[in-house]
Structures are given as C-alpha cells and as structure tokens.
Amino acid sequence: MSDKDDYYDEDLEERMEAEQEVREEIDELTQDIDDELDDMYEEVEEGIEDAYEYIEEAHHSYRDVAEKLEQEKRRLEEKRERLRDKYRHMQEKLRHKAERKRINTRELEERMKEIDERINAKTEAYKSRIDALNEKLKFKRMNISVPGAMKDSWKGMADDLNTSVSEIIRKSMSLVGKALSESNLKDLSELDNLGEKIEEAVKKSGIEDIGEKIEAQINEKDLEKIIKQKYKSKGPKAETAKESVEKERLKKRVRGLIKLQKSIPIAKLAQILDISEEQAENLIYEIAAEGIEGDLEEGVFKFSTDPDEVIEVLYQLIDRI
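In the numbering used here, the protein residues as written are 1 to 321.
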C-alpha cells in the first residue's frame with residue numbers, strides 16, 4: 001500500500017471519528033434538551049395544581065386564576081426562548097467543528113431541526129393544556145349542600161315548570177346575582193331586612209289578596225267551565241308507539257355507553273339523545289340530584305355508584321324527555 005493510500009485511510013478514519021464525536025455531542029444535547037423539557041413539564045404541572053388550589057379557595061375569583069394561568073404561559077415562552085438560545089449556540093459550535101473536520105453537515109442540520117420541532121411541539125402542548133383548563137374554569141360547577149326539604153322543593157318546582165333544577169338555579173342566579181350586586185348589600189343580614197320590607201310593602205299594596213278578589217268575581221262552576229273550554233282540544237299528549245320504541249332504542253344505547261365506558265362522556269350522551277351538550281350536562285346534574293355520586297371532570301361524569309343504578313335513573317329521565 002502506498003503512502004498516498006495510507007494518507008487517505010488515515011484521513012477517512014479521522015473524519016469518521018469526528019463524525020462519531022459530533023453525533024455523540026448531538027445525542028448529549030438532545031438528552032439535555034429533553035431533560036429541560038421534562039423540567040418545564042413539571043413546572044407547568046405545579047402551576048396548574050396551584051391554579052386548582054386557587055379554585056378551591058373562595059376568596060380567589062376566576063380573574064385571579066386566569067391571571068395565574070397567563071403567568072404560566074409567559075413562563076413557558078421564556079423557557080422556550082432560553083432553550084432555543086442554548087441549542088442554537090451548540091448548533092453553531094457543532095457546525096464549525098463539522099466544517100473544520102470536513103464532515104457532511106446534512107445530518108447535523110436534520111438533527112438540530114428535530115430538536116427545534118420537539119421544543120415547539122412540547123411548548124404548544126403545554127400551552128394548550130393551560131388554555132383547556134382556562135376554558136373549563138369559565139363553566140366550573142360548584143358543589144352546594146342544601147336541606148332535604150329545600151332539595152325536594154326545588155325538584156317539585158322543576159317538575160312543575162318542566163325543566164331541571166340546575167336550569168332553575170342558573171336562571172335564578174343570573175337575575176338575583178345582578179340585583180344583589182346593584183343593591184350594595186354588605187352582608188346577608190341586610191338581605192333579610194330587604195325581604196321584610198318587601199313583605200310589608202306587599203301587604204300594604206293589597207297584592208296578596210288579589211287571588212281572593214278574583215275568586216269572588218268568578219264562582220267555582222264558571223272557573224271549571226273556562227278551564228274545560230280552554231283545554232278541550234288540548235290535553236296531555238299521549239306517547240305514540242313510535243315514540244315509545246324510539247325511547248327504548250335510546251335507553252339501549254345509553255346502557256351500552258355506560259357499560260362500555262364505565263362513565264358518562266357528556267358529548268357522547270348528547271349525541272345519543274340528540275340534544276345539546278348543555279342539556280346533556282343538565283341531565284348529569286339531575287342524576288346527581290337523585291343521589292348518584294361522582295365527579296364531573298373535563299366533560300366526563302365519573303360515577304362511583306353502581307352502574308345499574310345510574311342506568312335506572314337515566315331511564316327515568318329519558319322517559320321525561
């Protein structure tokens with residue numbers, strides 16, 4: 001073998017060693033970046049846990065929690081930029097080394113591009129998780145306890161109005177909340193005083209006797225006649241055989257969903273019953289009011305009660321639809 005051949009063999013060997021060295025440095029950099037991304041993940045999870053703690057504390061408003069989540073997103077952006085600066089510096093360092101050793105930089109560029117995409121993908125995934133939590137907080141459900149008599153009263157009122165307890169509470173609070181905020185009440189004792197004043201004003205106005213005055217003008221037979229004429233052509237709509245069959249079909253699908261999922265995804269329930277997701281969520285509140293225990297998390301009701309009991313309650317609700 002000539003000296004020229006020896007030179008080329010040594011040169012090839014040297015370049016192969018340099019290429020391997022660069023690959024190892026890229027592997028180390030990739031592992032380093034992954035470790036920092038894992039740290040970023042832990043920081044995000046801690047921030048989200050803090051947000052959940054904020055939610056549980058009554059003195060923190062939604063605005064407080066939303067601001068904390070925005071802080072987490074800003075931290076993510078800052079972390080992403082620090083990671084980018086770090087790997088870009090290493091990229092330049094490795095590129096110069098590759099050029100100096102006369103190594104093909106195509107593989108280097110591809111590996112560095114993969115690192116950049118990994119940083120972006122993970123950062124965007126964490127931001128999406130924060131956004132999802134933020135959106136969920138806007139419609140967070142509050143757990144409230146009421147006396148048994150009040151619960152029965154609300155259910156009776158809901159039946160009379162052909163609606164749900166949750167819908168009554170939502171509508172009532174939208175009106176009462178506005179009135180309370182505009183009345184500048186400083187504590188609930190003032191609300192009691194306000195109620196007494198209203199009762200006194202009603203007595204003075206004679207409104208509370210309006211029913212007796214109407215009855216004095218219309219005797220019982222006349223009233224019965226009016227009612228019969230008004231509802232002569234109307235009355236409770238009898239369920240047709242077709243509707244009965246359709247409800248049985250829906251019940252079977254709901255039963256299959258619960259047996260398969262071991263939970264109730266609101267979107268799936270809405271799809272099966274052909275109702276809106278808000279109406280499906282109201283059904284979840286209704287079954288909770290019937291004593292079915294569980295948690296509503298990210299659009300899924302995870303019940304802890306026996307599935308057959310859940311199915312039975314849902315059957316009753318479907319019959320009322």
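Every residue gets a Cβ at the ideal spot worked out from N, C-alpha and C, and that includes glycine.
So which of the options has the shortest CA-CA distance to residue i?
{"i": "residue 315", "options": "131, 241 and 249", "result": "249"}
{"i": "residue 21", "options": "94, 106 and 254", "result": "94"}
{"i": "residue 90", "options": "26, 120 and 132", "result": "26"}
{"i": "residue 28", "options": "79, 112 and 42", "result": "112"}
{"i": "residue 310", "options": "45, 71 and 258", "result": "258"}
{"i": "residue 255", "options": "116, 74 and 269", "result": "269"}
{"i": "residue 297", "options": "84, 243, 266 and 35", "result": "266"}
{"i": "residue 128", "options": "284, 306 and 76", "result": "76"}
{"i": "residue 115", "options": "35, 161, 158 and 78", "result": "35"}
{"i": "residue 264", "options": "240, 241 and 304", "result": "304"}
{"i": "residue 300", "options": "312, 306, 130 and 280", "result": "280"}
{"i": "residue 109", "options": "13, 96 and 158", "result": "96"}
{"i": "residue 67", "options": "80, 158 and 50", "result": "50"}
{"i": "residue 124", "options": "260, 283, 160 and 74", "result": "74"}
Using DSSP with H/G/I as helix, E/B as strand and the rest coil, what is residue i?
{"i": "residue 295", "result": "strand"}
Along the chain, where does the alpha helix (DSSP H) that runs through residue i open and close?
{"i": "residue 319", "result": "307-320"}
{"i": "residue 284", "result": "277-289"}
Quick one: measure Cβ to Cβ for residue i and residue j, integer angstroms, because I've assumed they're closer than 8 Å.
{"i": "residue 318", "j": "residue 247", "result": "6 Å"}
{"i": "residue 83", "j": "residue 119", "result": "5 Å"}
Ordered list of alpha helix (DSSP H) runs contained in the segment 240-268, each at least 4 residues: Taken in chain order, the complete alpha helix (DSSP H) segments of 4 or more residues contained in the segment 240-268 are 241-261.
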